[in-house]
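Structure first, then comments.
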Amino acid sequence: MSYLVLARKWRPQTFADLVGQEHVVQTLHNAITQDRLSHAFLFTGARGVGKTTIARILARSLNCLASDRVTATPCLKCSACLEIADGRDPDVQEIDGASNNGVDDVRRLQETLPYRPLRDRYKVVIIDECHMVSTNGWNALLKTLEEPPPHVKFIFATTEVHKVIPTILSRVQRYDFRLLPTKQIRDRVAYILTQEGIRFDEDAVMLVAREAAGSLRDALTFLDQVLAGVEGELTGVAASRLLGIANRGLLDTLVRAMLTGDASAALETVGMFAREGFDLPNAARRVLGVLRDLVVARVAKDPDALLDLVDEERAQAMDLAKQHDPADLQRLFTAWAKVTEDVSRAREPRWVLEMAAVRLASRPTLVPVEELMAKLVEMERRVAAGAAAPGSAPARPSSGGAGPTGGGAPTPTVQRPAPTVGAPAGGAPKFSPPRMSTAAAAAAPEMAPAPVTAAVRPVPAPPPPKVLIQNTPRVSQAPRPTEAAESAPVVASAPVVTVDVSGAMGAMDAWRRVVDAVDKTLVPVLKGAVPLEVSGEAVRLAIDLRDSFFRKKLATEEAQAVILEAASRVFGTRPTMELVQGTLPDDAPSIARLEELARQAERAAKEAVLRAHPLVQIVVEMLHGEVAKVKLEGDPD
1 MSYLVLARKW RPQTFADLVG QEHVVQTLHN AITQDRLSHA FLFTGARGVG KTTIARILAR
61 SLNCLASDRV TATPCLKCSA CLEIADGRDP DVQEIDGASN NGVDDVRRLQ ETLPYRPLRD
121 RYKVVIIDEC HMVSTNGWNA LLKTLEEPPP HVKFIFATTE VHKVIPTILS RVQRYDFRLL
181 PTKQIRDRVA YILTQEGIRF DEDAVMLVAR EAAGSLRDAL TFLDQVLAGV EGELTGVAAS
241 RLLGIANRGL LDTLVRAMLT GDASAALETV GMFAREGFDL PNAARRVLGV LRDLVVARVA
301 KDPDALLDLV DEERAQAMDL AKQHDPADLQ RLFTAWAKVT EDVSRAREPR WVLEMAAVRL
361 ASRPTLVPVE ELMAKLVEME RRVAAGAAAP GSAPARPSSG GAGPTGGGAP TPTVQRPAPT
421 VGAPAGGAPK FSPPRMSTAA AAAAPEMAPA PVTAAVRPVP APPPPKVLIQ NTPRVSQAPR
481 PTEAAESAPV VASAPVVTVD VSGAMGAMDA WRRVVDAVDK TLVPVLKGAV PLEVSGEAVR
541 LAIDLRDSFF RKKLATEEAQ AVILEAASRV FGTRPTMELV QGTLPDDAPS IARLEELARQ
601 AERAAKEAVL RAHPLVQIVV EMLHGEVAKV KLEGDPD
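Per my numbering, residue 1 is the first one in the sequence shown, and the count goes up by one each step.
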């Protein structure tokens, strides 16, 4: 007789034999005993958790010949029970949804359903992997599924229930199968090994149970593979080698090395993973599981309910977790979670794993928050009392030193002036970025300005800058209302134009009033233009040729008519309009540039306030660091 794999040999035959899925078993048992069975069931869940097994048990319960009605305890001896177990019953059809998924397959099935069963009480149709059935196939089955013949029962099984169309889901009873806990799989594997007369140790059984990841069928498949490679007793070392996965002992060794700061042992353990041919991404994931168990053992009030470990492993985890701070354990878990992702994507996973293990084993010790808070409180007390923070004040010379008696003169300090935009001489209007808003200034704490070690020499103001408009400007003259119907805007060539910044700044207030009176859709375009002259007589604007979109937008008659209409409302008369096009320097004064400078100045002022805050200075001094970046409210993450 040919060898029968363990997954088939030890397949449960009754509801009582099932491992796990108690919620499904209890519901079906009650439905059978109360005669409330539906005509269609949908079993969904991961692979190897018992969907097809329970479907066969349900078929036996419906058709067992030893009882005159459906029963929750089939006899397993009658011809119906035996033939269903062997897959030979003519009234129970098991159909593979992957290979019978079309409309023609469904129609052939429907042709057989109206006829009475040959022997059994019910015709049972089991469709495995039913998510593979096409939409047209489901639609062909829809009417039959809604109103089937009284002697027909449907059982669908799938691992991807989201692919089943909603009209089918609404016509069936759905049962969700869960992954089995490691303890249940471990107990079942140990029971089967005992019944088979095979000696084993606990490490081997737990290794197989964990690698199954909740699937009992996968566990028995792994067990078959391991048993074929050993002679005599099944040990954890042999199972680890044959399955290519690291055992719990090696994982614990690596975790202990990282927790105790032994980088050499951590590196050696990773090397052992590689020499044994273990799957390194899988090993990294399992190390993450060990770290999770330690965090749970250290933090949870009832860790036994959350740890899926045998007694010996649980005791070891509890003992190791008590030796380390919870914050350090969580820190290590978070860092290793990133390592797990990196290893799974790396071309050289061993190198990534080695360097990560060394880095985490060499991590600096965390300073308790309580200790930092105590130091901060002490620093605040000294600052409030007028004493200098430790290490921040220079040592005073003794009275007998070489310094002058009566105390030396204080070193002169100069306050840093706020940054401003240089204004032209000769009484021209000045431009300076706006100061911090009133709310921000009120919220900022008062403080003395930081001393500057080098003297600051005043610099004379430069002469008024000039803006040159190059690249052969073009001038377009907007028509007056009386001439609009007679002529188009005049376009003429002009020589290089020199724009006085003083004049442009002087026209800025009037230009702002015109822009505020314009439709909002045109405002962004107008804010980029440089006002050369804005009055009731004329509106002269300069725009950069490189801004093709803005240039084309302003050059249209519609845009110029809108600007002139707004200017007429502001000044009471309708001015002429002239558009100068050329290449503008980056510092040409426009509303957009002034607003950007204002934003930069306000941000710089806020950052300066925060950087100079006494508490920030205390923390910087305490940690011997520096402020790398200031993040203000509203900044993106």
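Using N, Cα and C, we set each Cβ at its ideal position, and we do this for glycine too. For clarity, every value in this text was computed on a predicted model and none was experimentally measured.
Best match in the options for proximity to residue i [C-alpha to C-alpha]
i, options, result
"Val92", "Ala374, Thr52 and Gly229", "Thr52"
"Glu146", "Gln173, Cys130, Asp252 and Asp68", "Gln173"
"Val630", "Pro585, His613 and Arg56", "His613"
"Asp311", "Glu626, Thr182 and Arg36", "Thr182"
"Val125", "Gly97, Ser134 and Val103", "Gly97"
"Leu142", "Gln110, Asp120, Arg121 and Pro150", "Gln110"
"Val339", "Asp293, Tyr115 and Leu280", "Leu280"
"Ser344", "Ala284, Glu380 and Glu370", "Ala284"
"Leu564", "Thr556, Arg574 and Glu557", "Arg574"
"Glu160", "Met272, Tyr175, Leu594 and Arg551", "Tyr175"
"Ser362", "Val106, Gly197, Ala335 and Leu615", "Ala335"
"Val523", "Glu533, Ala507, Ala566 and Glu557", "Ala566"
"His324", "Glu341, Leu353, Leu366 and Asp308", "Leu366"
"Gln581", "Leu242, Leu216, Gln617 and Arg551", "Arg551"
"Gly249", "Ala228, Thr260, Phe273 and Leu242", "Phe273"
"Thr144", "Thr158, Arg108 and Asp302", "Arg108"
"Phe177", "Ile618, Leu207, Ser67 and Phe41", "Phe41"
"Glu537", "Ala588, Gly572 and Thr583", "Gly572"
"Pro150", "Ser170, Ile127, Glu607 and Pro117", "Pro117"
"Val609", "Leu632, Arg382 and Val103", "Leu632"
Same chain only: Cβ atoms within 6 Å of residue i, ignoring 5 sequence neighbours per side
i, result
"Ala238", "Val230"
"Arg199", "Glu233"
"Ser568", "Arg574"
"Leu251", "Arg286, Val287 and Val290"
Cβ-based burial, residue i [other Cβ within 10 Å; buried from 16]
i, result
"Met639", "Missing from the structure shown is residue 639; the chain here goes from 1 to 637 and no further."
"His131", "buried"
"Ala628", "exposed"
"Trp10", "buried"
"Asp293", "buried"
"Ala327", "exposed"
"Phe549", "exposed"
"Arg186", "buried"
"Gln34", "exposed"
"Val620", "exposed"
"Glu354", "buried"
"Thr260", "exposed"
"Trp511", "buried"
"Ala409", "The predicted position of Ala409 is uncertain, since its pLDDT is 41 and thus under 50; no value can be drawn from it."
Check whether residue i and residue j have beta carbons under 8 Å apart
i, j, result
"Ala337", "Ala317", "no"
"Val539", "Met505", "no"
"Phe43", "Ile165", "no"
"Arg513", "Val570", "yes"
"Gln26", "Val49", "no"
"Ile95", "Trp138", "no"
"Asn63", "Tyr122", "yes"
"Leu306", "Ala315", "no"
"Leu541", "Ala529", "yes"
"Ile54", "Val24", "yes"
"His39", "Val133", "no"
"Arg56", "Ile84", "yes"
"Leu179", "Ala346", "no"
"Ala592", "Lys520", "no"
"Ala246", "Phe278", "yes"
"Leu579", "Ala555", "yes"
"Glu202", "Arg241", "no"
Cβ shell of residue i (< 7 Å), same chain only, five flanking positions each side left out
i, result
"His162", "none"
"Leu6", "Ile192, Leu220, Leu223 and Asp224"
"Ala209", "Thr182, Ile185, Arg186, Val189 and Ala219"
Residues near residue i by beta carbon distance below 8 Å, same chain, minus five either side
i, result
"Ala357", "Leu254, Ala257, Met258, Ala263, Ala266, Leu267, Thr269 and Val270"
"Asn30", "Arg36"
"Ala204", "Val226, Leu234, Thr235, Gly236, Ala238 and Ala239"
"Asp89", "Ala59, Asn63, Ala80, Glu83 and Asp120"
Any chain D beta carbon closer than 8 Å to residue i
i, result
"Thr71", "Looking for chain D here will not work: only one protein chain is present."
Beta bridge counterpart(s) of residue i as assigned by DSSP
i, result
"Pro531", "Leu541"
"Arg314", "Looking at the DSSP assignment, Arg314 forms no beta bridge with any residue, so it has no partner."
"Leu234", "Phe200"
"Leu42", "Phe156 and Arg174"
"Lys123", "Val152"
"Ile95", "Ile127"
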